[in-house]
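**Student:** What follows is a single structure, and I will ask about it in a moment.
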Amino acid sequence: MSVTITFIQKVGYGAWRYDWTGTAPFERHVEGDNAVRGTTTDTSAVLLFQGSNEPAPLEVIDSADTNTPENVQYPPRARIQWRGIPDAIGYRVEQYIASVWTHKQQYMERGAGYYEYESDKLADCATHQFRVIPIYDLNDEGNPLLFSVFMVRNPDAPEIALSYAGGDITAEAAA
Amino acid sequence: MSVATGIDALRVFHSGAVADGLPQVDAAACLGGLRSSTEAAALGVLVDVRQNYMPALVIERVTGTCGEGVAEVRATGDDSVRWAPPNFAVGSAVTIEAYGRAVAPANTAGGRSHAVRLRRDTAYSAKALAGTLRLDLAKPYNNAVGGANIANAARAAGQSDYRALILQNASDLTITDLRFRVKPLVATAQVSGAGQLGASGSGTIETAGSFAAWPVCGFARVEQSGGTLREIVYYTDRTDTVLVVPAAGREMLGTTAAAGASDDNVYSVPGIALAIEAPVSGAIQEIADDTTSPTSVTWSTSIALASGPSVASLTSGGTYGLWIHRQTPAGATASPRMEIALEFDFTWSGNSYAESMYGLYRVEDTTLPSNLMHVGVDADPDYDAAADDTGALPLVYTVTPPGAGTQEHRVIVRTQNPYGLLSLNRYLRTVTVDDAGDIVTPDPSDPYDVQAVNIGTGRISLRANYSTFGDVSNAADQWAIYIRGDGVNPDPNTDTPTLVSMSAAPIGQGPVMGLLTTLGPYPKRMPIKILVRSRKQSTGAESTNTTPVSLTVNSIADGSAWQPRVFLGRSNAVGFAGESILTDTVINEANNIFLRRRNGASELWNDTQLVWRWRYDSIDTERNGFWTTFSRVAGSVSGAAVGSGVIEYVDANTLYVPVNGVRRMKIDLATSEITIPARTVDESLVYLSHAAEAIHDATWAKLFQVYDQATNNYVTAGHLDVDGRLYMAVGWKTRSTEAEL
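Those protein sequences? They're chains U and D, same order as listed.
Position 46 of the first sequence, counting from 1, maps to 74 under our numbering, and the rest follow consecutively.
Position 608 of the second sequence, counting from 1, maps to 626 under our numbering, and the rest follow consecutively.
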């Protein structure tokens, strides 16, 4: 990206401040989200991120950059869509986590036609399984619609600690 | 079988069905055999569920020719819609009956192949069609066109894999002139005028044009200037003008290595070849697995429809097999996104139609380093340069100490996955060393969000924040506030700051220290520059920021109310006279030199000699002025002042008025001369204050104050600026005798 991020500083519990330079307007993306709807002319932002020592990997794209943002090209979340069923009263979305089908979200059948579930941030380089179970009267369940998603995205930043001894700078995993 | 028309006349299905026409949804199982009922996706379609006003509409298929982007289905009536694909004119209205299907193309002027096939699911919703249904179209991963991801072992050894699609004429009419080609990934070729490959081995292809739109790694088709294929190669890396081709990237897809020419045209192409196969008894051959090549087929890498595989005619219901051979060279580059594209066209009912199909896949390299460390010395790291260390943590960088002084090493570690994607962090950690290679405790970080605003009565509110995060051993605990009022940037090397202890910001702010203080009062119109630094008290180390905030004081300090009114009944208004003053301030007792304040005048006396009388009366202005019997001399006045009084007494004959510690006005009592470098009479330029002294020291100016009884305020009749110029709100009145003053 042609933007230069000039300042990153922790300014509160889970809050990080970023400044950047580039050619406005800017798009800002973090963890697959478009952090600001549309574009902005701001050159500074404070983001809330519950990491400990590593700030959120903010990606800023300016107007001179024609590349697709990596957060858009390789988003960390899956969006699952399915077609509604006339007689269903709702749908339950489950994810296969640690060998257990785990309830994630429930939707009412409201005549919308298409439904969508957006997952949590998914682990990189791993296959994630989801299923959508239609629910009928008396809590009858229909056949699950299975989804399998192989996630490849920008990996998480390492949490490191720096030390200096004997002329060497060492970066190791933070405790 | 449904009757299809137009671009929908020819449909593409997965092969590998257990029986003709049964579903087969696994793209990886498209190994030939029988046609399934599962259509091969050309593009992925994501419905905008936030605003779907046509819940009855089912998106069955969008043609690949539409390309990626946002498309819309727009209702034109209760039972009709029209189609607006990305970057193409919207088509005419198409009717969709209840429970029916329709194909809606884009604008017929070249848009007949940009289409969507819709079904109206009236059993789900009987609502009339209305509003707009928005779709996001994107090239899909791992569909039958893209193929499965290439695992590391296959990447390292190289692999060819195969799969088959079955095309069927779903219409009532015969399709003619069905042609296929490999579709270039970038429409425009580049000329290899700047460098060509040799007859064999590794090398580069170089252009005076640009490869900037090409994939980072992939396949290049080299054609002679007349269009004859010379060779297909694989490049592992590129710049905007150079493709890097390894030896293992030569002779791709059945081509033979050949030296290039300077007028060759080079195309970005997917790494595939195509072949067609006529079915026998409704089936094409079935291969054992995806790495087994079909037999007796003729492969084509042609990017021209006229010279690719073709089928003269396909009758109604007829099928034909399309094989895709995908090659991965040994040692291919890891990639999170490799693209396959193919195209076919045909004639139906006298019109030509063209369809593109796309797919994506990934290439894995488990030998890629899991972490990369970049270090910049006195600058941010160069992320495009080779990493300074790679692999599993810990990573090590050996410092070369500077010959003199200190060096700041800015360090970042990023994680990499086996597909070559890096973490997006940009936060730098720093280590500073001196010329002995010893670590130097860095200066505290700069404050941020420094703001200075006028808040009235000549005062300024100053705010700033400082974060201790990252300043481990060098965290600041004081604010160093440098202030100047002469329009000059504060110089931390020479100016003395005001030190304020830091206090933590309110609860919840974490490591942030906040400054909120009030400065002044300063006279109105004084140009203030404030530099705020963070400071560590025990070492005296300060942050290194040098840019101040600036503002001009826009209010007058400490005024008094005036025009008092008291009424005792309607006819008993009791008037007030303003305060009456008469006070003296001694400058030198031995020689009886003093300053006198009285109503409407401030005076300097040398015993019984009146040096000057500043007069000011807001009601009776006729006598306002700087009255003196002393001569005015234009000349330089300089030198360090002694003492801190508003007037410096040197001897019985010599006084100075200093400003900010420097002599700027000389009063020669022996010769009755007042020397100043320059003078300006302009009330609008005089610093204003209500200070209650005859001479008010505003650090960068001396304000000559006069008590105005009518307004009960001290007003500024003039000020002596830091550069020695005397600004006057009243005129200079030289007279011969004191009686006239």
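Beta carbons are placed, not taken as given, at the ideal position from N, Cα and C, and that holds for glycine.
Residues of chain U with a CB under 8 Å from the CB of proline 508 of chain D: which are they?
**Tutor:** The contacting residues do not exist; proline 508 of chain D stays about 22 Å from chain U at best.
**Student:** Indicate the three-state DSSP secondary structure (helix, strand or coil) for serine 325 of chain D in the structure shown.
**Tutor:** In the structure shown, serine 325 of chain D sits in a helix (DSSP, three-state: H, G or I).
**Student:** Which partner residues does aspartate 47 of chain U have in the DSSP bridge list?
**Tutor:** For aspartate 47 of chain U, which the question treats as bridged, DSSP gives the partners U:Phe35, U:Ser72.
**Student:** So lysine 547 of chain D and arginine 481 of chain D are supposed to be a Cβ contact under 8 Å. How far apart are they, rounded?
**Tutor:** About 16 Å separates the two Cβ atoms, so there is no contact after all.
**Student:** Does any residue of chain D have a CB that is nearer than 8 Å to the CB of proline 183 of chain U?
**Tutor:** Yes, contact with chain D.
**Student:** For arginine 432 of chain D, is the classification buried or exposed, using 16 other Cβ atoms within 10 angstroms of its Cβ as the cut-off for buried?
**Tutor:** So arginine 432 of chain D counts as buried.
**Student:** Just to make sure I have the definition right: I need the residues of chain U whose C-beta is within less than 8 Å of the C-beta of histidine 427 of chain D. Which are they?
**Tutor:** The contacting residues are Ile197.
**Student:** Measuring only between beta-carbons, confirm whether alanine 201 of chain U sits less than 8 Å from chain D.
**Tutor:** At least one chain D Cβ lies under 8 Å of alanine 201 of chain U.
**Student:** At a CB distance below 7 Å, what residues from the segment 397 to 424 of chain D approach chain U? Give them in sequence order.
**Tutor:** The segment 397 to 424 of chain D vs chain U, Cβ under 7 Å: Leu411, Pro412, Leu413, Val414, Tyr415, Thr416, Val417.
**Student:** Threonine 535 of chain D CB to nearest chain U CB: under 8 Å?
**Tutor:** Not one chain U Cβ lies under 8 Å of threonine 535 of chain D.
**Student:** Looking only at its own chain, which residues have a Cβ that is under 6 Å from the Cβ of serine 649 of chain D, when we skip the five neighbours before and after it?
**Tutor:** Glu691, listed in sequence order.
**Student:** Within the same chain, show all residues whose beta-carbon is closer than 6 Å to that of aspartate 452 of chain D, passing over the 5 residues directly before and after it, in chain order.
**Tutor:** Same-chain partners within the cutoff: Thr424, Val458.
**Student:** Can you tell me which of the three DSSP states isoleucine 546 of chain D falls into?
**Tutor:** Three-state result, isoleucine 546 of chain D: strand.
**Student:** How many angstroms separate the CA atom of tryptophan 129 of chain U from the CA atom of tryptophan 48 of chain U?
**Tutor:** The alpha-carbon atoms of tryptophan 129 of chain U and tryptophan 48 of chain U are separated by roughly 43 Å.
**Student:** Starting from alanine 174 of chain D, trace the alpha helix (DSSP H) both ways and give me its first and last residue.
**Tutor:** Residues 170 to 175.
**Student:** Is any beta-carbon of chain C found at less than 8 Å from that of proline 114 of chain U?
**Tutor:** Protein chains in the displayed structure are U and D, and chain C is not among them.
**Student:** So leucine 738 of chain D and alanine 719 of chain D are in contact, right, with Cβ under 8 Å, and what is the actual spacing, rounded?
**Tutor:** With a Cβ gap of about 6 Å, leucine 738 of chain D and alanine 719 of chain D count as contacting.
**Student:** Do valine 80 of chain D and leucine 61 of chain D have their CB atoms nearer than 8 Å?
**Tutor:** Result yes, Cβ atoms of valine 80 of chain D and leucine 61 of chain D sit closer than 8 Å.
**Student:** Give the straight-line distance between the Cα atoms of arginine 551 of chain D and cysteine 235 of chain D, rounded to the nearest whole angstrom.
**Tutor:** Cα to Cα, arginine 551 of chain D sits roughly 49 Å from cysteine 235 of chain D.
**Student:** Which of helix, strand or coil does DSSP assign to glutamate 357 of chain D?
**Tutor:** Three-state DSSP puts glutamate 357 of chain D in a strand.
**Student:** Look at the alpha carbon of tyrosine 192 of chain U and the alpha carbon of tyrosine 500 of chain D, and state the distance between them as a whole number of angstroms.
**Tutor:** Roughly 34 Å separates the two Cα atoms.
**Student:** Determine whether the beta carbon atoms of isoleucine 574 of chain D and histidine 708 of chain D lie at a separation below 8 Å.
**Tutor:** Cβ atoms of isoleucine 574 of chain D and histidine 708 of chain D: closer than 8 Å.
**Student:** Please work out which residues of its chain come closer than 6 Å, Cβ to Cβ, to serine 320 of chain D, disregarding the five sequence neighbours upstream and downstream, and give them in chain order.
**Tutor:** Closer than 6 Å at the Cβ level, and outside the excluded window around serine 320 of chain D, lie Arg199, Gly326.
**Student:** Measuring alpha carbon to alpha carbon, tell me which residue in D:Ala226, D:Gly227, D:Asp282, D:Ala230 is nearest glutamate 250 of chain D.
**Tutor:** The sequence as given places isoleucine at residue 250 of chain D; glutamate does not occur at that position. Closest option to isoleucine 250 of chain D, Cα to Cα, is D:Asp282.
**Student:** Against chain U, does phenylalanine 487 of chain D count as a neighbour if the rule is that its beta carbon must be under 8 Å from one of theirs?
**Tutor:** Cβ-Cβ to chain U under 8 Å: yes for phenylalanine 487 of chain D.
**Student:** I need the DSSP call for aspartate 26 of chain D, collapsed to helix, strand or coil.
**Tutor:** Reduced to three states, the DSSP call for aspartate 26 of chain D is helix.
**Student:** Report the rounded CA-to-CA distance for glycine 221 of chain D versus alanine 330 of chain D, giving the unit in angstroms.
**Tutor:** So the two alpha carbons sit approximately 41 Å from each other.
**Student:** So the alpha helix (DSSP H) asparagine 99 of chain U belongs to, where does it begin and stop?
**Tutor:** Run containing asparagine 99 of chain U: 98 to 101, per the alpha helix (DSSP H) assignment.
**Student:** Spatial neighbours of alanine 276 of chain D within its chain, please: C-beta separation below 6 Å, excluding the five flanking residues on both sides.
**Tutor:** Result list for alanine 276 of chain D: Arg248, Glu249, in chain order.
**Student:** With isoleucine 228 of chain D and glycine 278 of chain D assumed to form a contact (beta carbons below 8 Å), what rounded beta-carbon distance in angstroms separates them?
**Tutor:** A small correction: the amino acid at residue 228 of chain D is serine; isoleucine does not occupy that position in the sequence shown. No, serine 228 of chain D and glycine 278 of chain D are not in contact; Cβ-Cβ is about 18 Å, not under 8 Å.
**Student:** With 8 Å as the threshold, decide whether the Cβ of isoleucine 36 of chain U is near any Cβ in chain D.
**Tutor:** For isoleucine 36 of chain U, the answer is yes, since a Cβ of chain D falls inside 8 Å of its Cβ.
**Student:** In the segment 429 to 450 of chain D, which residues sit with their C-beta less than 8 Å from some C-beta in chain U, listed in chain order?
**Tutor:** Listed by position, the residues of the segment 429 to 450 of chain D near chain U (Cβ gap below 8 Å) are Val429, Val431, Arg432, Thr433, Gln434, Asn435, Pro436, Tyr437, Leu439, Leu440, Ser441, Leu442, Asn443, Arg444, Tyr445, Leu446, Arg447, Val449.
**Student:** Quick one: using the 10 Å Cβ neighbour count with 16 as the cut-off for buried, is glycine 661 of chain D buried or exposed?
**Tutor:** Glycine 661 of chain D comes out exposed.
**Student:** Nearest chain U C-beta to leucine 191 of chain D closer than 8 Å, yes or no?
**Tutor:** With 8 Å as the cut-off, leucine 191 of chain D does not count as an interface residue toward chain U.
**Student:** Measure how close the beta-carbons of arginine 760 of chain D and tyrosine 725 of chain D come, nearest whole angstrom, since I'm counting them as under 8 Å.
**Tutor:** The structure shown has nothing for residue 760 of chain D, since chain D only spans 19 to 759.
**Student:** Go to isoleucine 197 of chain U, then tell me how far its beta strand (DSSP E) extends in each direction, as first and last residue.
**Tutor:** Here the beta strand (DSSP E) through isoleucine 197 of chain U covers 196 to 201.
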